[in-house]
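Structure first, then comments.
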Amino acid sequence: MKFGKELTIHLNETLPDWKDKYLCYKPLKKLLKAYSTSATSAPHPVNDANAGGDRLVDLQAWFVRILNEELEKFNDFYVDKEEEFVIRFQELKEHIEKVKEKNMKGDTFTSESEFSEEMMDIRKHFVTIHGEMVLLKNYSSLNFAGLNKILKKYDKRTGGLLRLQFTQLALHQPFFTTEPLTRLVRECEANLELLFPVEPEVVESTSTPPATTSQEPHNTTSASASSQKPSTVDQETNKLQQSTLSAIRTLQGLRKASSTYDPLSLSSLNRNTPDGSAGSVIVENSDTTTSSTSNENNDGADQEEVRSPYRLISPSLTP
1 MKFGKELTIH LNETLPDWKD KYLCYKPLKK LLKAYSTSAT SAPHPVNDAN AGGDRLVDLQ
61 AWFVRILNEE LEKFNDFYVD KEEEFVIRFQ ELKEHIEKVK EKNMKGDTFT SESEFSEEMM
121 DIRKHFVTIH GEMVLLKNYS SLNFAGLNKI LKKYDKRTGG LLRLQFTQLA LHQPFFTTEP
181 LTRLVRECEA NLELLFPVEP EVVESTSTPP ATTSQEPHNT TSASASSQKP STVDQETNKL
241 QQSTLSAIRT LQGLRKASST YDPLSLSSLN RNTPDGSAGS VIVENSDTTT SSTSNENNDG
301 ADQEEVRSPY RLISPSLTP
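This is the structure in structure tokens:
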């Protein structure tokens, strides 16, 4: 599938307040198409040999101005979000310390349900901020990929050499400098694994066949009803998960679409950054890796690996 269609699908599935923060890929593509049409159809007077060159100069000025505005938009949104995540994550860690301090002082909770609600609230906020950070990582990757695609079209249709120059500029922009965000994501995952480890019984129950007892129908019905009723955390993070997985699928589509080596492509850049700082989030050495079976009827390449029930993990773009 072409990048424009992939991006459109993702924009339809992403968070509402993120939609207008992505690259305006379609308008730029239409601008290039309009130039190509006018260049081939407009008559060139004999005494106006520089008409084509003037149009190209005007197009490049327009194009560069729009791309600079897009870079500014990416940077403003990315930096604002990154700062927001740092503040929210720090507040969340302080909340945890207060809960610990309350227990150490002997100020116990009034009931077990109160403690459970407190921990579920902490877990919910961890899951939410983790998902949004992963989505921001993919936001960076998608916009860089879009810039690379549209600049490649520009050079091909105009014979210009704008792609290399502008791509090098984009590589050093704040929106593509994701090392601090990567560290924050991994710290969040470490806290999740420490505070909410996966129960061994839960993992084993998925592979152990049910016992054939006289009460099996009753137990099966109860378990089925329980599994069909989504938790509060699942309900509140469902849209975020859909948005993040949509971004991952789009990036996977970009990787599969290219059959030739391109040193400026996102996958090539990822190949040169083993720490995952130039692409989507890569989490290594997880002890709870299980295969996702939610999309069994989809193509195998589009299925994600779920390291943990509470984690939204983006796969590596490196083939």
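Those letters in the sequence shown? Residues 1 to 319, per the UniProt record's numbering, in order.
Glycine included, C-beta positions come from ideal geometry on N, C-alpha and C.
Is F89 closer than 8 Å to C24 when the C-beta atoms are compared?
It is not a contact, given that the beta carbons lie outside the stated cut-off.
Could you spell out the range, first to last residue, of the alpha helix (DSSP H) harbouring L171?
Boundaries of the alpha helix (DSSP H) around L171: 162–171.
Can you give, in chain order, each stretch of the beta strand (DSSP E) that sits fully within the region 90–163 and has at least 3 residues?
Taking only runs of at least 3 residues, no beta strand (DSSP E) segment lies wholly in the region 90–163.
Measure the alpha-carbon distance for G160 versus M119 and round it to whole angstroms.
Their backbone Cα atoms lie some 57 Å apart in a straight line.
Cα-Cα separation, S246 to E13
Approximately 7 Å, taken between the alpha carbons.
Is the region 148–160 in contact with the region 80–95, if contact means three or more CB pairs nearer than 8 Å?
As far as the Cβ criterion goes, the region 148–160 does not touch the region 80–95, which means the pair count is below three.
Quick one: what does DSSP say L56 is sitting in, helix, strand or coil?
Reduced to three states, the DSSP call for L56 is helix.
Could you pull the start and end residues of the alpha helix (DSSP H) that D197 belongs to?
With the sequence shown as reference, residue 197 is identified as Pro, and Asp is not the correct amino acid for it. Counted as a single uninterrupted DSSP element, the stretch harbouring P197 is not any alpha helix (DSSP H), since DSSP gives it neither H nor E.
Ignore the nearest five residues each way along the sequence and tell me which others in E70's own chain have a CB closer than 7 Å to its CB.
For E70, where only same-chain residues beyond five positions count, the Cβ hits under 7 Å are L23, C24.
Excluding the 5 residues flanking L32 on each side, which residues of the same chain have their C-beta closer than 7 Å to its C-beta?
Cβ contact annotation for L32 (same chain, cutoff 7 Å, sequence separation greater than five): K153, Y154, R157, in chain order.
What residue from L28, K137, G131, V185 has the CA that sits closest to Q60's CA?
Ranking L28, K137, G131, V185 by Cα distance to Q60 puts L28 first.
Let me make sure I understand the geometry here. Which of T167, L184, S140 has the alpha-carbon closest to that of L67?
L67 has its Cα closest to that of T167, out of T167, L184, S140.
Based on Cα-Cα distance, which residue from D121, I129, E72 lies nearest to L181?
Ranking D121, I129, E72 by Cα distance to L181 puts I129 first.
Sequence-distant residues of its chain with Cβ nearer than 7 Å to L116 (five each side left out)
Checking the displayed sequence, the identity of residue 116 turns out to be Ser instead of Leu. Beyond the five residues adjoining it in sequence on each side, S116 comes within less than 7 Å, by CB distance, of no other residue in the same chain.
Short check: CB of S243 to CB of L15, under 8 Å?
Against a cut-off of 8 Å, the Cβ pair of L15 and S243 comes out as a contact.
G146: which of D20, D17, K26 sits nearest, CA to CA?
Checked all of D20, D17, K26; the closest Cα to G146 is K26.
Can you give me the C-alpha to C-alpha distance between S113 and T177, rounded to a whole angstrom?
In this structure, the alpha-carbon of S113 lies about 43 Å from that of T177.
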